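Colleague:
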Amino acid sequence: MMGLQLVPVGVNLISIFSSPNDQSLWAIDSRWNVHVRTGITEEMPVGIDWEHIPGLQACQLAISTRTVWARCPNGDVARRYGITDKNPAGDYWKKIPGNVSCLTATPLDELWATGASGQLLQRLTKNFHHPHSMQKHGDASVSFHSDDFEDEWEVI
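Per my numbering, the sequence shown starts with residue 17, numbered consecutively.
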């Protein structure tokens, strides 16, 4: 072993979640704090360190290829924004409407959940993908990012 910190000192990890492409590893500790494994590369598939992700407590995570969803202990749902290869921790959590008892995500970023009354729910998300270059409209510049979206729950 190369002296890697496999578990954060003083932290008891109780759940581990991996992305479908094995490029992202997240965990929840016994206090419902969220952690992400940093430094995961082809050359270092176990990563380098754990980073605490502040902003909310979670009792379950669902990870797609590009998104992390969290279910809070009270059933609220949040999505982590700004996750990239260079920024595996992302930038911030944003709570989304709804209250669920469990959730899962597909590799293509489709979120499924069970509502508090047992109904099956699917989160409808429309991502807007535009070239990274700015689009000119008269004197105003408009740009869209992949995290710009509209979404809602659909009862199945």
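By construction, the Cβ of each residue, glycine as well, lies at the ideal position given by its N, Cα and C atoms.
If you're wondering where the values come from, they're calculated on a predicted model, not measured in any experiment.
Once DSSP output is grouped into helix, strand and coil, what is the label at residue 127?
Modeller: The residue labelled residue 127 in the question sits at position 111 within the sequence shown. Residue 127: strand per DSSP, three-state reduction.
Colleague: Is residue 42 near residue 72, with beta carbons less than 9 Å apart?
Modeller: Walking along the sequence shown from the start, residue 42 turns up at place 26. Walking along the sequence shown from the start, residue 72 turns up at place 56. Their beta carbons are not under 9 Å apart, which means residue 42 does not touch residue 72 by this criterion.
Colleague: Would you grab the beta carbon distance between residue 45 and residue 30 for me? Rounded to a whole angstrom, and I think it's under 8 Å.
Modeller: The residue you call residue 45 lines up with position 29 of the sequence shown. The residue you call residue 30 lines up with position 14 of the sequence shown. Correct: roughly 6 Å between the Cβ atoms.
Colleague: Near residue 18, what residues of its chain come up, given a Cβ to Cβ distance below 8 Å and the 5 sequence neighbours on each side ignored?
Modeller: For this step, residue 18 is matched to residue 2 along the sequence shown. Residue placement at residue 18 cannot be trusted, given a pLDDT of 49 that sits under 50; what the coordinates show is reported in the next sentence. Scanning its chain for C-beta atoms nearer than 8 Å, with the 5 sequence neighbours on each side dropped, one finds no residue around residue 18.
Colleague: Check whether the Cβ atoms of residue 112 and residue 95 sit closer than 9 Å, and answer yes or no.
Modeller: Position 96 of the sequence shown holds residue 112. Position 79 of the sequence shown holds residue 95. Yes; because the gap between Cβ atoms is below 9 Å, this pair is in contact.
Colleague: Could you compute how far the alpha carbon of residue 140 sits from the alpha carbon of residue 127?
Modeller: Counting from 1 along the sequence shown, the entry for residue 140 is found at position 124. Counting from 1 along the sequence shown, the entry for residue 127 is found at position 111. Inter-residue distance for residue 140 and residue 127 is about 8 Å (C-alpha atoms, whole angstroms).
Colleague: DSSP three-state label for residue 110, please.
Modeller: Residue numbering aside, residue 110 sits at position 94 when the sequence shown is read from its first letter. Reduced to three states, the DSSP call for residue 110 is strand.
Colleague: Could you tell me whether the Cβ atoms of residue 82 and residue 129 are closer together than 9 Å?
Modeller: Residue 82 sits at position 66 when you count from the first residue of the sequence shown. Residue 129 sits at position 113 when you count from the first residue of the sequence shown. No; because the gap between Cβ atoms is not below 9 Å, this pair is not in contact.
Colleague: Count the other CB atoms within 10 Å of the CB of residue 104; is the residue buried (16 or more) or exposed (fewer)?
Modeller: Along the sequence shown, read from residue 1 onward, the residue named residue 104 stands at position 88. For residue 104, the number of other beta carbons within 10 angstroms of its own is at least 16, and it is reported as buried.
Colleague: Comparing the CB of residue 138 with every heavy atom of the ligand ATP, is any distance shorter than 8 Å?
Modeller: Absent from the structure shown: the ligand ATP. Ligands present: none.
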